[in-house]
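In what follows, a single structure is set out as structure tokens and then discussed.
Pasting the structure below:
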């Protein structure tokens, strides 16, 4: 009940409770969670309707969320600051859980592009995504203007309920330019990913495991001298300490990155910010050039995070067909960064501790605001607000 845009088969293909069998409430709850994970609905409830012959009918009551966004609106990125973003995004294109977006942004981020994705294009959980775009931005902490043009095609598939494999081929052209030099690359990039995901609700899990391995191989097709391979791993586990609608959940995450090949300065990564060790401000050119926090930069890193998430207002649908709710979070983050892999475990960790709020948002999942305090070698360094979309892990 309640479907206006979404095709009924989009819902039915996620439901595993079969007809003419005994109703299994645990299975129905899992079906409800899978429907929530589609990101199309503000609210999903279920009920049992008795029939005259003594049997029952399972009925889902669904309120669809906003499915498109058009026009111009301000957008914020911790890395690039404020931008004006415009275009047209359809989250539930043709009512088939496809996503089509066309648009760009001006300001902190200067981008334009088009993308299309379909999670079932070739049958049962066989997905594809096509992206083409261009971006032009100032490098976060180096004295360069960065330009990237890319065309990417990816295919993914589930094996059973929890295991997903995906592969992507991408053509990339990157350039880094300042008044003194121009560095340019042309890459054929191959990206392979293998993951396991048994979380109940993706946007705010209370149980389950998420583990993912990703290999990103950049092939320099001009001379082969600047090939690069980046290996990322992440493992998260979630457990409900207090179950129910106003649940208290514990989340643990361990992640690392290892880089091989071309180790030029432009490929340096950093620690700090909303998706890394919180409490640390985003690095700036002035900070990097001063050398005061060289321990934040490197080609290899190891990070961990612990979060307690308490639901204060369970998610519900408003009269505007959007969702609302409120969670409070406490976090403790740690991370190490190194230029050389064999020195990674010798480093002292960056630490961050703090709290935040999470608010469900249509089309974006979660709006997150964190405030943290940063420590290094037993000393307080700084504090910072972080505004971001999605959970830290």
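Residue numbers (the working numbering): 2 to 394.
No residue lacks a Cβ here, since even glycine has one placed at the ideal position from N, Cα and C.
Cβ of residue i within 8 Å of any heavy atom in the ligand ZN?
i           : result
residue 168 : The ligand content of the structure shown is nil, which means the ligand ZN is not present either.
For residue i, which residues from the same chain have a beta carbon less than 6 Å from its beta carbon, with the 5 sequence-adjacent residues on both sides left out?
i           : result
residue 173 : 151, 188, 190
residue 218 : 191, 230
residue 164 : 197
residue 389 : 275, 369
residue 211 : 198, 200, 237
residue 377 : 351
residue 140 : 147
residue 185 : 176
residue 50  : 58, 60
residue 38  : 203
Are residue i and residue j close, meaning C-beta to C-beta below 9 Å?
i           : j           : result
residue 254 : residue 359 : no
residue 318 : residue 351 : no
residue 129 : residue 122 : yes
residue 208 : residue 239 : yes
residue 304 : residue 269 : no
residue 104 : residue 78  : no
residue 36  : residue 12  : yes
residue 155 : residue 133 : no
residue 193 : residue 168 : yes
residue 62  : residue 90  : no
residue 215 : residue 233 : yes
residue 43  : residue 348 : no
residue 309 : residue 391 : no
residue 4   : residue 59  : no
residue 32  : residue 57  : no
residue 84  : residue 107 : yes
residue 203 : residue 179 : no
residue 70  : residue 364 : yes
Helix, strand or coil for residue i per DSSP?
i           : result
residue 37  : helix
residue 26  : helix
residue 278 : coil
residue 1   : Because the chain in this structure spans residues 2 to 394, residue 1 falls outside the shown range and cannot be described.
residue 31  : helix
residue 346 : helix
residue 210 : strand
residue 67  : coil
residue 192 : strand
residue 121 : coil
residue 113 : strand
residue 160 : strand
residue 395 : Because residue 395 is not part of the residues shown, which for the chain are 2 to 394, the question remains open.
residue 266 : helix
residue 341 : coil
residue 186 : strand
residue 391 : coil
residue 54  : coil
residue 143 : coil
residue 217 : strand
residue 62  : strand
residue 321 : coil
residue 48  : strand
residue 256 : strand
residue 331 : strand
Within 9 Å (strictly less), CB to CB, does residue i reach chain D?
i          : result
residue 49 : As a matter of chain content, chain D is missing from the structure shown, which is built from one protein chain.
In the DSSP assignment, find the unbroken alpha helix (DSSP H) run with residue i in it and report its ends.
i           : result
residue 11  : 9–13
residue 288 : 286–291
Report all residues from its chain with a CB closer than 7 Å to the CB of residue i; omit the five preceding and five following residues, and keep chain order.
i           : result
residue 6   : 65, 68, 93, 96
residue 300 : 260, 264, 268, 269, 270, 340
residue 277 : 304, 336
residue 342 : 259, 301
residue 294 : 288
Tell me the residue span of the beta strand (DSSP E) that contains residue i.
i           : result
residue 171 : 164–178
residue 372 : 366–377
residue 19  : From DSSP, residue 19 is part of no beta strand (DSSP E); its letter is neither H nor E.
residue 99  : 99–108
residue 232 : 229–243
residue 314 : 301–318
residue 361 : 351–362
residue 84  : 82–94
Once the 5 residues before and after residue i are set aside, which same chain residues still bring their CB inside 8 Å of it?
i           : result
residue 72  : 87
residue 354 : 280, 332, 333, 334, 373, 374, 376
residue 289 : 142, 143, 298
residue 387 : 79, 274, 275, 279, 357, 369, 370, 371, 372, 373
residue 220 : 188, 189, 190, 191, 228
Report task. Count the CB pairs spanning the region 355–369 and the region 324–344 that are closer than 8 Å, and state whether there are at least three. Result -> yes
Query raised in the report: Counting pairs of Cβ atoms below 8 Å between the region 272–292 and the region 331–340, do you hit three or more?
Result: yes
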